[in-house]
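So the sequence lines, in the order shown, correspond to chains A and B.
Heads up: the first sequence runs through residues 1 to 240, numbered per the working numbering.
Heads up: the second sequence runs through residues 1001 to 1309, numbered per the working numbering.
We put the beta carbon where it would ideally sit given N, CA and C, even for glycine.
As the structure is a prediction and not an experimental result, all values here were calculated from the model.
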Amino acid sequence: MEKGLKLTIFSLLLIVTLLFAGCNESSTDKVLSESDKVEIKKLFSDMDGKVELLLFTSQLGCYSCSKTETLMKEIDGLSDKISLKTYDREKNEQIAAKYNIELVPAVVIVGKENYGIKQYGFPGGREIMPFLEAIKNSSMEKPVLSNEISKKIDTMASPVEVKIFITSTCPYCPDMVRGANYYALASEKVSAVTIMSNEFDEYSKKYKINSVPTIIFNEKVKREGQMSEEAFVNYLVTSS
Amino acid sequence: MDVFDVAILGGGPAGISAGIYAARFKLNAVVISNSLGGTAQSAHLIENYPGHSAISGFELMQKFKSHMKSFEVPVIEKHVHSASKENDFFKIKLSDEEVKARYILIATGTKRRKLGVPGEARFYGKGVSYCVTCDAFFYRDKTVAVVGGSDAANMAAILLSSMAKKVYVIYRKDKLRGELVWIERVITNPKIEVLYESNVVEIKGKDFVEGVKLEDGREIPLDGVFVEIGSIPECCCASDLGIEINQKGYIQVDSSQKTNVDRVYAAGDVTSGSNGLQQIVTAASEGAIAIKSIFDDIERSKVTLWKKD
């Protein structure tokens, strides 16, 4: 069977409590349950290389920085392949600028190289799985695109940043995030930024987001709803 | 290329249940679906699946997927383009590969029915939505309408009422239908107003939805419209293979889930089965029945071959 884009490699399922981890906004001292940690450890058990999580926070009115930091510390503790670096955005302007941090909290996932995978907002609810998978997959060998898709990607005139606006309760969003992250891993021309719309009202209004998932390619093409892999690749090419 | 015993087209409750039963019957099966979990995932609350007094559709389908995964059933997460019959097997064309199987089980479910009124397509993502669990958040303290009067519409209205300022339910008949539990919650909710015997004829606005026009001429100012008017069957490959479709557009099956075409079965919401009751519990049941029927068919064919020899 041809390998191509098989989201099945991402389909490791975690237990239910993890899916809704952190739904309680008031608690910041603990996000994951002990059973969540057991499942995540299993997921991370065959990680290959090291992965750095670069967390950007702010003291200036950040909705979920504290809880996101708690979660990142917990994730950091679940594999010796993962290391967490936390930066106050205002005190580390140069580093924030290097990674083009527009919102906080932001988590940049850096594996064997910086693949351009970034998360804005607390990756809770249904986003937790694609987020954890992105950490794991950043430690593995790059996915290999099929010949047909490689040919299309080769025609991209310039790099494309894919912004995926989601909410933590959207059932169709995780697959779109997984797909974009997959292409970010596979091609240096693609970067993927996931934005929790429910946390960033103003930013979502700026892009006139009224529905999720909404995907914006290179600030040029905006598409609402799920899309096929074929359409996704075509938009990558046309927006480059 | 391997030839599977059965290719299960669709990964909703019927397809996943079929995958589990195929593994139990030791059939060499593959599940092909570009949306594993299916439309059931978008139900925000399920209160009638035995064993779970209240569970979200997403959570329940995670459990389904996890269960199937434990049997190591191969899954190909791709769209099925077409299928053709070639002597002893079927050839199923996907986006960039082909799969061969001796039997096909169609469990492709349904897709959302659209209103088909002016403004609906134009304002999709700009105030028109088909997914309450995805987009309810965008309507905090706003005025929205749910078009429809079934369980899905009633559930959508309840969920929206927890965020929106005001929720209209716009329904063409003189009373809501579906489970009485949901109806009671809708009609007793102070934020919800049901507009009976009302049909939306146009969705209006400039850049975003600003309201709807009803058949009787009334105009209701709104920030969003959620369309919940049922679904239509996704009869994948039916015309390719000459499968009989009933008057309502569903694949005609007998009590063994068999279609009119030899070695082609169908299960779940895409079929005429279960007396038209389209539920997760009936879809899962039909998936199981279909696999048992296929297993019996394979066993019978082995006996026939042996007798011929």
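Assumed close pair residue i, residue j - CB separation to whole angstroms, cut-off 8 Å
i                      : j                      : result
residue 1049 (chain B) : residue 1280 (chain B) : 5 Å
residue 1169 (chain B) : residue 1146 (chain B) : 5 Å
residue 1082 (chain B) : residue 1235 (chain B) : That pair is no contact at about 13 Å.
residue 60 (chain A)   : residue 90 (chain A)   : 7 Å
residue 126 (chain A)  : residue 173 (chain A)  : 6 Å
residue 74 (chain A)   : residue 132 (chain A)  : At roughly 11 Å, the Cβ-Cβ gap does not stay under 8 Å, so residue 74 (chain A) and residue 132 (chain A) are not in contact.
residue 1091 (chain B) : residue 1231 (chain B) : Not confirmed; about 29 Å, so no contact.
residue 237 (chain A)  : residue 156 (chain A)  : 6 Å
residue 1089 (chain B) : residue 1003 (chain B) : 5 Å
residue 211 (chain A)  : residue 1134 (chain B) : 7 Å
residue 115 (chain A)  : residue 106 (chain A)  : So it is not a contact: roughly 15 Å between Cβ atoms.
residue 218 (chain A)  : residue 160 (chain A)  : 5 Å
Cα-Cα separation, residue i to residue j
i                      : j                      : result
residue 69 (chain A)   : residue 108 (chain A)  : 13 Å
residue 180 (chain A)  : residue 1094 (chain B) : 21 Å
residue 1300 (chain B) : residue 1097 (chain B) : 31 Å
residue 252 (chain A)  : residue 183 (chain A)  : With chain A represented from 1 up to 240, any question about residue 252 (chain A) goes unanswered, as that position is not in the structure.
residue 1031 (chain B) : residue 72 (chain A)   : 35 Å
residue 194 (chain A)  : residue 164 (chain A)  : 5 Å
residue 1150 (chain B) : residue 1178 (chain B) : 5 Å
residue 141 (chain A)  : residue 1132 (chain B) : 38 Å
residue 1143 (chain B) : residue 135 (chain A)  : 40 Å
residue 243 (chain A)  : residue 123 (chain A)  : No answer is possible for residue 243 (chain A): the residues shown for chain A start at 1 and end at 240.
residue 144 (chain A)  : residue 187 (chain A)  : 9 Å
residue 1061 (chain B) : residue 66 (chain A)   : 31 Å
residue 1140 (chain B) : residue 1199 (chain B) : 25 Å
residue 1194 (chain B) : residue 139 (chain A)  : 53 Å
residue 117 (chain A)  : residue 56 (chain A)   : 14 Å
residue 76 (chain A)   : residue 166 (chain A)  : 24 Å
residue 207 (chain A)  : residue 1009 (chain B) : 37 Å
residue 148 (chain A)  : residue 154 (chain A)  : 10 Å
residue 1053 (chain B) : residue 1099 (chain B) : 39 Å
residue 128 (chain A)  : residue 36 (chain A)   : 11 Å
residue 1044 (chain B) : residue 1292 (chain B) : 31 Å
residue 1041 (chain B) : residue 1051 (chain B) : 17 Å
residue 1298 (chain B) : residue 146 (chain A)  : 35 Å
residue 1059 (chain B) : residue 1047 (chain B) : 12 Å
residue 1215 (chain B) : residue 1286 (chain B) : 40 Å
residue 1027 (chain B) : residue 93 (chain A)   : 59 Å
residue 214 (chain A)  : residue 1211 (chain B) : 22 Å
residue 1189 (chain B) : residue 47 (chain A)   : 51 Å
residue 158 (chain A)  : residue 189 (chain A)  : 7 Å
is_contact[residue i, chain A] using C-beta, thresh 7 Å
i                      : result
residue 1126 (chain B) : yes
residue 1342 (chain B) : The requested residue 1342 (chain B) does not occur in the structure, where chain B is confined to residues 1001 to 1309.
residue 1309 (chain B) : Here the model assigns residue 1309 (chain B) a pLDDT of 45, short of 50, so the residue's position is not dependable and the matter cannot be decided.
residue 1188 (chain B) : no
residue 1041 (chain B) : yes
residue 1143 (chain B) : no
residue 1134 (chain B) : yes
residue 1064 (chain B) : no
residue 1096 (chain B) : yes
residue 1226 (chain B) : no
Counterpart residues of residue i in DSSP-defined beta bridges
i                      : result
residue 1211 (chain B) : B:1204, B:1221
residue 1031 (chain B) : B:1008, B:1075
residue 1233 (chain B) : B:1110
residue 1055 (chain B) : B:1046
residue 238 (chain A)  : Looking at the DSSP assignment, residue 238 (chain A) forms no beta bridge with any residue, so it has no partner.
residue 1168 (chain B) : B:1145, B:1193
residue 1271 (chain B) : B:1251
Within-7 Å CB hit, residue i to chain C
i                     : result
residue 167 (chain A) : Absent here is chain C; the protein component of the structure consists of chains A and B.
The ligand SAH heavy atom lying under 6 Å from the CB of residue i
i                    : result
residue 64 (chain A) : The model depicted lacks the ligand SAH and carries no ligand whatsoever.
Within-7 Å CB hit, residue i to chain B
i                     : result
residue 39 (chain A)  : no
residue 22 (chain A)  : Note on residue 22 (chain A): pLDDT 40, under 50, position unreliable in the model; the coordinate value appears next. Not closer than 7 Å to any Cβ of chain B, the Cβ of residue 22 (chain A) fails to qualify, so no.
residue 198 (chain A) : yes
residue 161 (chain A) : no
residue 171 (chain A) : yes
residue 132 (chain A) : no
residue 237 (chain A) : no
residue 137 (chain A) : no
residue 212 (chain A) : yes
residue 52 (chain A)  : no
residue 146 (chain A) : yes
Flag this pair as touching only if the segment 1224–1231 of chain B and the segment 1250–1266 of chain B have three or more C-beta atom pairs under 8 Å; answer yes or no.
no
Would the segment 1185–1196 of chain B and the segment 1265–1285 of chain B be scored as touching if the rule is three or more Cβ pairs under 8 Å?
no
Decide if the segment 1004–1017 of chain B is in contact with the segment 198–218 of chain A; the criterion is three or more beta carbon pairs, one per stretch, under 8 Å apart.
no
Should the segment 1212–1222 of chain B be regarded as contacting the segment 1157–1173 of chain B, the criterion being three or more beta carbon pairs within less than 8 Å?
yes
Specify whether the segment 1113–1132 of chain B and the segment 1201–1216 of chain B touch according to this definition: at least 3 beta carbon pairs, one from each stretch, less than 8 Å apart.
yes
Contact between the segment 208–225 of chain A and the segment 1241–1257 of chain B (3+ Cβ pairs under 8 Å):
no
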